[in-house]
Amino acid sequence: MRDLAGRLGYLVLAATAVAYLAVYATGLGRLPTAFDYLSILNTTLPLVFVAIGQSLVVLTGGIDLSVGGTVSLCVAVTAVAVTGFEQLPLVLAIGTACGVVNGLIVAAGRIAPILATLATLPIFTGAALWVLPVPGGSIPPQIRAVLTNPDLPTGLIWLGLAVAGWLVLRRTRFGMRVYAIGSDAGAARAVGVPVERVTFGVYALSGLCCALAAVFYVSTTTAGDANAGAPFILTSIAAVVVGGVAFTGGRGSAVGAVAGAAALALVIDVLFFAGIDPLYQALFQGLFLVVAVMLGSLAMLLRRAT
Amino acid sequence: MNLHRLASAAVILLLAAACGQAPQSTAGNTPAPDRKLKIALSNSFIGNQWRVEMENVFKAACAMPPYLAQVECSIYNAGNDVSTQSRQIANLISQGVDGIVINAASTSGLNGVVQQACDRGIVVVSFDNTVDAACGLTVNTDQIAFGKQLAQFIVDQLGGKGNVVMVTGVAGTGADNDRNKGAKEVFAANPGITVVATYSGMWDSATAQRATSAQLPALPQVDGVWVSGGTDGVIKAFGAAKRPMPVFGGEAENGFRKYMAGILTPKVTGMSIGQPPYLSVISLELARAVIKKEHPRESITIPFPVVTSESLKPGETVFPDLPDSFFADFTDSGPDAALILCQEAATDGTPCPGKTLTVNLGTS
Amino acid sequence: MTSTAPVPTLHTFAVRATGVDRAFGGVRALRDASFSARPGEIHALAGENGAGKSTLIKVLCGLVAPDRGRVEVNGRVATAFQELSLLPDLTVAENLLLADPPRGRLGLVRRGRLAPEARRILERFGVDHIDSRAVCADLPVSHRQVVELVRVLATEPRVVFLDEPTAALPDRQVEWLAGHMRRLRDEGCCVIFTSHRWREIERLADRVTVMRNGTHVATREKLAEAEAVTLMSGRTLGAMYPEIPPPATAGPALSFSDPGGISFDLRPGEILGVGGLAGQGQRELFLTLFGAGRPARVTVDGRPIRIRRPKDAIRAGLGIAYVPEDRKAEGLFLPLSVRDNITLATLGRRSAAGFVRRGAERAEVAGIVSRLGIAGGGAAAGTLSGGNQQKVVMARWLLADARVLLLFDVTRGVDAATKHDLYRLVAELARAGKAILYYSSETEEIAHLCHRVLVLREGRVAAELPGPVRDAERIVAAAIADGEAHA
Amino acid sequence: MRRVLYAFGAAGGVLLLGTILHPGFASWPSLQAMLVVASFTGFVAAGQMLVVLVGGIDLSIPWVLNGAAIMLTTTALGQPGRLPYALLVALAVGAAAGLANGLGVAWLGVPAVVMTLGMNGVLQGLSLGLSKGLTCATCGSYAPEPLRGLFPLGALLVWAGVALLVTVVLTLTTFGRRVYAVGVNPRAAYLAGVGVRGVTVALYTLSGVFAALAGVMLVGYGGQPSLGLGDPYLFESIAAVVVGGVSILGGRGHYAGVVAGALTLVAVTTFLQAQRVPEYGRLMIYGLVILVILLAYGRTRAHD
């Protein structure tokens, strides 16, 4: 049953995918085409990356509300400053720097993560507005062709790399320590895990993931917007919980969060093809979130009962 | 329980379905003349009155001749989330619609998917918060002129001398920036005018009221107020603080116009310019006309309806029975009107009884 | 207290602490404590609960910085903590190999190798009945304790601290542990352990250091139990326990009958001891009776009553009270005032229309505080000493007029003087007609304080001894009789 | 208690700075205006604080507030006679939403973040769907006159009433004692016979009621609801609660501090606007102020 809770993300994704196929087929009388899959892939990628970063933080028992600001800032910088591949490291460095600031406040300042990142959220958002006061900017087509090519599934490569990156991370000592801290920070410290350093690293990685998400965002939309990050705050948290990562830390995986992100994207399509009155859409999205997580809680309860 | 395998199987099924399907060209460029056109409205956020009216008039227009017979309409909201809106537009492409009318969550955020729609021969018309993508058509008012005209009105009323407050909109959006830019140009050109405060009302009456209330006590005498949106809130704040009413230049909220018309007291002197909600209907007509090849493939800029305290007409440009937050310019007026709509179209989205809608796209 | 002896090149000590002070909040856990242990010896650290053993270990292994004083360590240190330091959501293998996981090329952890490698370690220590892929939270406590010990022993340290390593171990595993301790000692390692079982200290230790009240009392090679107890408590063995009055002859205050194998009557004024090795179902029994475990059926004054949650137990027409061993986790609200802590369970009785009647409350609190001699009445509960904290929890239930007291290891972590107070209090409560169910991890206490002792094994009553038993060995004997068959 | 003083100190500091740079910044009319604006945050934060006191969080505030505001106007139809009934309906909407949150969190074990986030969506869908986007032309969606007449002084009295009520409930009643006990140590509270789930459900319900009250007051202030009415209050309520010295881990904090927190936030915003700091600078300074206060509290944590 522990396994069921851990695999919640895959199950929800599978169920949503089946529902998607069903409503699509009944609505249009055919199955989705390559175009549909490609556009799902490309529009989901930014959330996938933010969700990976968020899941790392949640695995240590924290939460990162500042992802909204970090994504906004990196989107702004990407749209304004990136003229070729050589500037991409700059964006990644800025995202990581945002994460480093969070990491310092959380690990060294010993401020609760939700508060630390609540405070840095407006700071990063303000910086984004400063960089890009009006939506605009651009991204060089050669970058777009490689990242989110509208005609070729290049996004699959990056999705694969992201998942592979996670699997590699999971196989480092750092990865093991992330779980150790989330499971019981006090005990982890007692067995010699450098809790502060790992916590710091996790927030830095979350910042890096936000930067990656921002680059993909600009690549799909071809321009920047300083308010772009705001929706990612709550959707990334939703993706993480739907993906079966426990809020108490220590349980779940970033791949689950990726599945959760994909499921959330598919829900939009399910609602679309099911012809739900647009005014009621939020209702179903809210229910989806609560029910998905309730299934997870139920699985845990059953496990405890056995 | 092998749920994991089950899940994998479902995903594989999904992918298999992807490979099994040959990519299909979706929409033909010229539909058969007898077929109903499919035109969809993709709106970003339904969270304010203007957007609701905009959808309502769209809905009403679709239920009125000639659209009733010619067009099959659908409406989608994306909750101000760019990726949701992009998903919806992608799904519209899959559905094979003929035209998409967009009010965007981000002027830049939909460029990618709009380009894809264009590539498939779909006519894309964006309005209000328009899309940058070059292939798409736009229907809009001139936002810089909006800012300028309101500012000029204030300057003229004050005789070129006095203290002015600017209440701006949602920072980081194109419309806010353009309006502010226009206004600042005019104020800067008049050395007698001092801008004593600039703050954001978020295009929301309640927010504008709160921000103004908090500001006012620290402000010197204010002679004119330029408001990007939420004007009635600003007036209420002045009233609550018992400050003399300055000259207002603002949006087309019914509440503002009620003050201007003296329906609410105190009567204020002002100019009200609207971003008309019927932009959605004009966009619908443009899309229809372009698809039917009745109109060149061109963007249009429509003049915005302007009223002053003197020119207001109850029942036409100000509505005593409707809420303050209502946008009073849901219909155009006058002999050269782009279109005439009835009240219930805006309030309930129901068609105006026994009326055929004629939309004048102008000569452009 | 020679503070700066030059460090010899050939170390005569493996660890050494000199003049160490350490306080937590207002409580001084260590005061001018000194300690030294040599390589190649098994060194027992003895002392009552609250004497500072655990804190000293934490200071010696570097987990807690001393406020003052000096700590020297030679060689790699590994520590098994009293409160287990296993990570509950990780597997046994991950826990064992967290510090040094098997790595392949690129330095990546070979996750496939984790379980087999861990299994090899478990085999090496002869405990391969534990599944290395199991998640620790799912294991029984004794297995977790074994995993914790294996984790420590497998690192081949030069200095090993084992804090109460046998507390949750069945006897056979104690033998197993003893074997490994001796092996390490013979390999030149310094093994330091604490235990509350004198038998183990006598059998295993080459030297014993006794601590009391956070400071060093004596270090000896041979130490008889009687003398040790005197050293640890500062008083002689016999004087520790008060006379217990005979129980009332009235009918039972409470009858409990569990199809699982435990049933008993508890009479007013009776102190019924629950003995046995640690983790044999004592805690579950107490929680069940209090409604915090499985739903329970009890008979009170001939009436059957169902207890499904603590509220039921507290009401139930009889007032059952539970005083837990882990005050901080289960009993107290540390940042709240002593008053708030004491009156929480009885707020309803001192309120009018939902408002607390503060006058009545003040008077009652003042009464109970002075009756129990709780020091620091107005302060936050967190600033009190362990003994006073325990009294605060007792006070809560005395105010509630509880007729049945479930006292679960209430003397854990309490200094000798307070312990003595608590014994007197227990006797006094019995005299006042309270029915008391008593468990302690120190079997001595049960042997001396109880009218009757139920010895539990694997959740069932293995024996019932009439009390006072006086000789703790008899309880232990009853607890382990034919126990080997199960282990 | 020290944190409450810090919070008031912060508010006073900002007002002082404002007065130095802008004479009249802390004059009574100015103060009164700021107090009114702060009161909205204060209402919402009262509920948020109660939930935070037991280690929870309420993210459903924006649409509970909106839903209640819409219910009020569509029920009252602008007629003073219907006001009491409409008030009851609006607050009941808040209570129902809060109750559902509480039941989900306490009985079904759904994490508070998820439960309340989902509830926000559910309420958004229901509010928009059932009110058809609020465009009920016949109902003249106005707050009845008596409610509008509350401003400014009446509203401040309502806030003072709420402050008094919350403070009295938390410090003088048995319920308040139980709240702190649950917040500090839920397990021990359960073992002391406190109905932990009941307390939790009650607090979430109250949070819903306070969010609804904020909606009612905002409608009275602006005269009518707008759909984005609740959006600013989500993060602002959390910020007011933590600036007010309430521990996010639960069990510690006083409403007096939250009042100071709400005032501080409004004073900072007003001051920055008066300084004509551009939007991006305002956001950054706002964040920095919260951060500095948090760090100041962080330093004192070891002592209390």
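Protein chains in written order, with the working numbering: chain F, 463 to 768; chain P, 363 to 726; chain G, 975 to 1461; chain A, 2 to 305. Glycine is no exception: its CB is placed at the ideal position from the N, C-alpha and C atoms. If you're wondering where the values come from, they're calculated on a predicted model, not measured in any experiment.
Start and end residues, alpha helix (DSSP H) containing residue i
i                : result
H1117 of chain G : V1115 to L1127
P551 of chain F  : L550 to G565
N352 of chain P  : What the structure shows of chain P is the stretch from 363 to 726, and residue 352 of chain P is not part of that stretch, so it cannot be assessed.
Anticipated Cβ contact below 8 angstroms, residue i with residue j, distance rounded
i                : j                : result
I1175 of chain G : V1182 of chain G : 6 angstroms
G65 of chain A   : V200 of chain A  : Note that residue 65 of chain A is Val in the sequence shown here, rather than Gly. In fact, because the Cβ distance is near 20 angstroms, the residues do not count as touching under 8 angstroms.
V1120 of chain G : L1070 of chain G : Contact flag wrong, Cβ pair sits at about 11 angstroms.
Residue-chain proximity (residue i, chain G), Cβ-Cβ < 8 angstroms
i               : result
L654 of chain F : In the sequence as displayed, the identity of residue 654 of chain F is Gly instead of Leu. Yes, G654 of chain F counts as interfacial toward chain G.
D646 of chain F : yes
A257 of chain A : no
N186 of chain A : yes
CB contact below 8 angstroms: residue i versus chain P
i               : result
T175 of chain A : no
L741 of chain F : yes
P595 of chain F : yes
Residue i, buried or exposed, once every other Cβ within 10 Å from all chains shown has been counted against 16
i                : result
Q583 of chain P  : exposed
Q604 of chain F  : exposed
V243 of chain A  : buried
P233 of chain A  : buried
G1322 of chain G : exposed
V1312 of chain G : buried
V1384 of chain G : buried
E1419 of chain G : buried
W1172 of chain G : buried
P1284 of chain G : buried
F998 of chain G  : exposed
F547 of chain F  : exposed
Run of the beta strand (DSSP E) containing residue i, from where it starts to where it stops
i                : result
S404 of chain P  : L399 to N405
L1381 of chain G : V1378 to F1382
C435 of chain P  : V433 to N439
M426 of chain P  : M426 of chain P -> no beta strand (DSSP E), and no H or E assigned at all.
G461 of chain P  : G461 to N465
Any C-beta of chain A under 8 angstroms from that of residue i
i                : result
G465 of chain P  : Per the sequence presented here, residue 465 of chain P reads as Asn, with Gly not at that position. By this cut-off, N465 of chain P is not an interface position.
I730 of chain F  : no
S759 of chain F  : yes
L601 of chain F  : Looking at the sequence itself, residue 601 of chain F is Ile, so the reference to Leu does not match. For I601 of chain F, the answer is no, since every Cβ of chain A falls outside 8 angstroms of its Cβ.
R572 of chain F  : yes
T682 of chain F  : no
G1322 of chain G : yes
S1311 of chain G : no
P676 of chain P  : no
Residue-level contact to chain F via CB, residue i, 8 angstroms cutoff
i                : result
P1269 of chain G : no
Contact set for residue i: own chain, Cβ-Cβ below 7 angstroms, skip 5 residues either direction
i               : result
I462 of chain P : A402, S404, I451, L454, A479, I484 and V486
D540 of chain P : Q505, I506 and G509
Residues near residue i by beta carbon distance below 8 angstroms, same chain, minus five either side
i                : result
D1063 of chain G : V1109, C1110 and A1111
Cβ neighbours of residue i in the same chain (closer than 6 angstroms, five flanking residues each side left out)
i               : result
S645 of chain F : G712
L73 of chain A  : A87, A91, V217 and V220
Between the region 1083–1107 of chain G and chain C, which residues of the former have a C-beta closer than 8 angstroms to a C-beta of the latter? No chain C appears in the structure shown, which is made up of the protein chains F, P, G and A.
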